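Some notes on the structure that comes next.
There are 2 protein chains.
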Amino acid sequence: MKNVYIIGTGLIGGSFALNLKAINPDVIIHGIDNNNEHLSEALALGLIDQKATLKHIVNADLVVLAIPVNATLELLPAVLDLLPSQGIVIDMGSTKAAICQAVDTHPNRSRFLANHPIAGTEFSGPKAAHQSLFFNKTNIICDLEKTNEKAAKAMIEVFEAMGMNIRYMDATEHDKHIAYVSHLSHISSFMLGKTVIDKEKNERNIFDMAGSGFESTVRLAKSSPEMWAPIFEQNKANVIETLNEYIQNLNHFKTLMESDNFEAIRNEMKNTNHIKTILKGIS
Amino acid sequence: MKNVYIIGTGLIGGSFALNLKAINPDVIIHGIDNNNEHLSEALALGLIDQKATLKHIVNADLVVLAIPVNATLELLPAVLDLLPSQGIVIDMGSTKAAICQAVDTHPNRSRFLANHPIAGTEFSGPKAAHQSLFFNKTNIICDLEKTNEKAAKAMIEVFEAMGMNIRYMDATEHDKHIAYVSHLSHISSFMLGKTVIDKEKNERNIFDMAGSGFESTVRLAKSSPEMWAPIFEQNKANVIETLNEYIQNLNHFKTLMESDNFEAIRNEMKNTNHIKTILKGIS
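Respectively, the protein sequence lines represent chains A and B. Here the numbering used here = 1-based position in the first sequence + 1001. Here the numbering used here = 1-based position in the second sequence + 1001.
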């Protein structure tokens, strides 16, 4: 692996580039980005070795798509068209079904590895990139059987060298699960932020009274709308299902409050405390 | 200030005791707790100097109520009955209106300072206590005019020595605001945890796929039901109002998704990104 093209030089692409360079100092990182300011910043920060454009990927050993999922959907077929026969392209997106669907019959389908590292922060852009973003994070590889075995093996070795824990999943299953454990969290956080901002016209009150509890609950509401709106769009059916269940649970909680059934509320909370054990790890 | 009685020797009471001892090594910290195991643990951990019972507070210079708000509501009148004429009692609860109401006509009302330090973690019990819990946190004092001026001044000096930022508020106003910036966060977090646990029977999936985003959003769902159910009960009307608005915002978001209006969703999120600026502090 010599010539690596990172498309999208923000948090995810930039971190991947740094990490790859650290484990393999011989690679040349070529950066491609619609946003020329970001691209220059990525170069200045040493995330990439040089700027490039799409047409250069005819020389690529590896192409990494680290852009919003709607852009990946559009660009991936073109990348597969240009890719040399030994090259491989991976994406980093939070949705998988539509992207896999888009190239299902592409003659170079076997050169694509559908990939979702569960890593990220509420920050974005090249400045947010850091080398250890992926360490000890789960990386979900979807529909592995559709990728060329040798190419997939080489990428898996890279992910393992980065310290990622790899899991394999069907793309459709991935989108169902991830709606619950990631996409819904973002909506609940954004809507919590909205509810409080709408009500508390006096921002001083929010700042002073928020405490660390509110801050962590609303942290994801700092996330990039350019990244998240397309995720919700691509995973629409699953996300709407999770939202329905979430709203139903909130309505149920409200009904219990209205009927002064605080014993049932206490029990609901006790049952949910179980999340402690789950997040600590499963033995 | 010599004899201090901490009623409830968990996270809040224990941390307050440690902090008080650090700024004033001469105080004797007497611990009172229904839970004898906690009390012994608090003594072993050095949070308190000795065990005590309620009847001893006839000797108190300061009594700190650091127990669930329903217990405070019950106990506060009795504490005011027993308190010597120069003593003062403060509470630490997350609701203020009902508690203030309960002692509004008590002959010793002026010896009570209604108090809410916006500090805490999702952990509880004596082991969770630490000396710097209150440092740089907001402390809201309610209905200051109803407390003896000299007694209030002495307490305010203590809070300031602990590094707390003090704000003054009417008890009813406090409960309205805090419903938005604290109580609602807890419900949104608990119900998010419930939605995911109910759906993901395979806990391995939650653990592997959750990522740091879900973890921070669901952090408050680890909180103590014994503490939070009574808070929701005492602040019922305000909490139901916030829940209504939150559910309405979630339904609106869902409607936008159902009608494929992702442009509006992007805008909603952009507007809510403003929470970044608010939480960074207001210049």
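Where a beta carbon is used, it is the ideal one built from N, C-alpha and C, also for glycine. Keep in mind it's a predicted model, so treat the numbers as computed, not measured.
Considering only DSSP beta bridges, list what residue i is partnered with.
i, result
"Thr1139 of chain A", "A:Asn1166"
"Pro1118 of chain A", "A:Asn1140"
"His1031 of chain B", "B:Tyr1006, B:Gln1051"
"Phe1113 of chain B", "B:Val1090"
So for residue i, helix, strand or coil by DSSP?
i, result
"Pro1085 of chain A", "coil"
"Ser1284 of chain A", "Note that Ser1284 of chain A scores a pLDDT of 47, beneath 50, so its modelled location is shaky and nothing firm can be said."
"Asp1092 of chain B", "strand"
"Ile1013 of chain B", "helix"
"Pro1108 of chain A", "coil"
"Pro1026 of chain B", "coil"
"Lys1097 of chain A", "coil"
"Leu1145 of chain A", "helix"
"Phe1263 of chain A", "helix"
"Leu1066 of chain B", "strand"
"Ala1061 of chain A", "coil"
"Gln1132 of chain A", "coil"
"Gly1194 of chain B", "helix"
"Val1182 of chain B", "helix"
"Gly1126 of chain B", "coil"
"Lys1151 of chain B", "helix"
"Asn1036 of chain B", "coil"
"Leu1021 of chain A", "helix"
"Asn1203 of chain A", "coil"
"Ala1238 of chain B", "helix"
"Ala1172 of chain A", "helix"
"His1187 of chain A", "helix"
"Asn1274 of chain B", "coil"
"Leu1046 of chain A", "coil"
Whole angstroms are fine: how far does the CA of residue j sit from the CA of residue i?
i, j, result
"Leu1021 of chain A", "Asn1109 of chain A", "24 Å"
"Thr1010 of chain A", "Phe1136 of chain A", "19 Å"
"Asn1252 of chain A", "Val1197 of chain A", "19 Å"
"His1039 of chain B", "Tyr1247 of chain A", "36 Å"
"Gln1051 of chain A", "Ala1018 of chain A", "12 Å"
"Asp1062 of chain A", "Leu1083 of chain A", "12 Å"
"Asp1171 of chain A", "Thr1273 of chain A", "28 Å"
"Gly1282 of chain B", "Phe1191 of chain A", "19 Å"
"Glu1201 of chain A", "Val1182 of chain B", "9 Å"
"Lys1195 of chain B", "Ile1058 of chain B", "42 Å"
"Phe1233 of chain B", "Leu1077 of chain A", "50 Å"
"Ala1023 of chain B", "Gly1164 of chain B", "12 Å"
"Gly1094 of chain A", "Ile1119 of chain A", "9 Å"
"Glu1204 of chain A", "Lys1255 of chain B", "27 Å"
"His1275 of chain B", "Asn1268 of chain B", "12 Å"
"Met1258 of chain B", "Phe1160 of chain B", "48 Å"
"Arg1112 of chain A", "Asn1037 of chain A", "28 Å"
"Glu1158 of chain B", "Val1070 of chain B", "25 Å"
"Thr1148 of chain B", "Ser1086 of chain B", "13 Å"
If residue i sits next to residue j, beta carbons under 8 Å apart, how far is it from one beta carbon to the other, in whole angstroms?
i, j, result
"Ala1072 of chain A", "Asp1176 of chain A", "Incorrect: roughly 18 Å between the Cβ atoms, too far for contact."
"Leu1066 of chain B", "Asp1105 of chain B", "Not really, about 17 Å apart at Cβ, beyond 8 Å."
"Tyr1169 of chain B", "Ile1207 of chain B", "Actually they are not in contact, since the Cβ atoms of Tyr1169 of chain B and Ile1207 of chain B sit about 43 Å apart, beyond 8 Å."
"Phe1124 of chain B", "Leu1012 of chain B", "6 Å"
"Glu1042 of chain B", "Pro1127 of chain B", "4 Å"
"Ile1294 of chain B", "Ile1049 of chain B", "Nothing in the structure corresponds to residue 1294 of chain B, since chain B is present only between 1002 and 1284."
"Asn1239 of chain B", "Ala1180 of chain B", "4 Å"
"Val1005 of chain B", "Ile1030 of chain B", "5 Å"
"Ile1100 of chain A", "Asn1140 of chain A", "Ile1100 of chain A to Asn1140 of chain A, Cβ: 16 Å. No contact."
"Ser1189 of chain B", "Ser1189 of chain A", "5 Å"
So residue i contacts chain A; which residues on that side make the cut at Cβ distance below 8 Å?
i, result
"Tyr1247 of chain B", "Met1192, Leu1193, Thr1196, Leu1251"
"Ile1142 of chain B", "Residues of chain A passing the Cβ test: none, with the nearest at roughly 13 Å."
"Gly1212 of chain B", "Ile1119, Ala1120, Gly1121, Lys1138, Thr1139, Val1182, Ser1183"
"Asn1206 of chain B", "His1178, Val1182"
"Val1240 of chain B", "Met1258"
For residue i, which residues in chain B fall below 9 Å Cβ to Cβ?
i, result
"Asp1092 of chain A", "Correct list: empty, because the minimum Cβ distance to chain B is about 17 Å."
"Asn1296 of chain A", "With chain A covering only 1002 through 1284, there is no way to say anything about residue 1296 of chain A."
"Gly1015 of chain A", "Simply none; closest approach about 18 Å."
"Thr1286 of chain A", "No answer is possible for residue 1286 of chain A: the residues shown for chain A start at 1002 and end at 1284."
Give me the chain A residues within the contact set of residue i, using Cβ-Cβ distance strictly less than 7 Å, ordered along the chain.
i, result
"His1275 of chain B", "Ile1198"
"Gly1282 of chain B", "Phe1208"
"Ser1189 of chain B", "Ser1189, Leu1193, Thr1218"
"Ala1230 of chain B", "Phe1263, Ile1266, Arg1267, Met1270"
"Ile1279 of chain B", "Glu1204, Ile1207, Phe1208"
"Pro1069 of chain B", "Going along chain A, no residue has its Cβ under 7 Å from Pro1069 of chain B, so there is no contact; the nearest lies around 11 Å."
Could you tell me which chain B residues have their CB closer than 7 Å to the CB of residue i, listed as they occur along the chain?
i, result
"Leu1221 of chain A", "Gly1214, Thr1218"
Can you name the residues of chain A whose CB is closer than 9 Å to the CB of residue i?
i, result
"Leu984 of chain B", "Because chain B is modelled from 1002 through 1284, residue 984 of chain B falls outside the range shown and cannot be assessed."
Counting only Cβ pairs nearer than 8 Å, list the residues of chain B close to residue i.
i, result
"Phe1233 of chain A", "Met1258, Phe1263, Ile1266"
"Ser1186 of chain A", "Leu1193, Gly1214, Phe1215, Thr1218, Val1219"
"Lys1128 of chain A", "Those within 8 Å of Lys1128 of chain A in chain B number zero; the least Cβ separation is about 15 Å."
* To do: Anything in the stretch 1147 to 1180 of chain A with a Cβ closer than 7 Å to a Cβ of chain E? List those residues in chain order, please.
  => Checking the listed chains, one finds no chain E in this structure; the protein chains it contains are A and B.
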